[in-house]
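Please read the structure below before turning to the comments.
Numbering (the working numbering), first residue to last: 1 to 172.
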């Protein structure tokens, strides 16, 4: 029902809450569904594991909106990125990038060794750094640095899924 309302008429996208819906659906809810199918006893950690995944999905979603911000502003879209404008949205997304390593470590710390946590932090930090730097180099909505950035963020999201699942597989 939530997803249906999100994309119909004047749904959450026009209220500026579409990012929250994407984060919840692509993060904790999707992860909970997958884990429920694989191992019904593991519910709590799967919800925690979904937090960094949801954040990475939101960043990819927002980067796509940043690529098309000119048309979204013309269409008077109510998304968070178009409401913030280019400069503030860029800073917002950069800050979200820096949250991923921290949220990833906090999501798995009870189940993973100290060295696993350090490795996770370093890998997630190094993975998001080129994306963050490329975003920082974009000085206008028409910058060539924005082209393909959302796609690269999706690759980063996929890599994060693989890393987190591998760590949790070793911890189980």
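Note that CB positions come from ideal geometry on N, CA and C, so glycine has one too.
With 16 or more neighbouring CB atoms inside 10 Å of its own CB, residue 146 falls in the buried class. By the neighbour-count criterion, in which a residue is buried when 16 or more other Cβ atoms sit within 10 angstroms of its Cβ, residue 51 is buried. If you look at residue 107, you'll find it in the alpha helix (DSSP H) that goes 86 to 108. Annotation for residue 125: 101 place their beta carbon closer than 7 Å to its own, counting only its chain and skipping 5 residues before and after.
Taking residue 19 as the centre and dropping the five residues before and after it, the same chain places the C-beta of 58, 61, 62, 80 closer than 7 Å to its C-beta, in chain order.
Counted as a single uninterrupted DSSP element, the alpha helix (DSSP H) harbouring residue 127 occupies residues 114 to 137. Here residue 107 is near residue 49, since their CB atoms are less than 7 Å apart. Per the C-alpha coordinates, the member of 164, 53, 34 positioned closest to residue 109 is 164.
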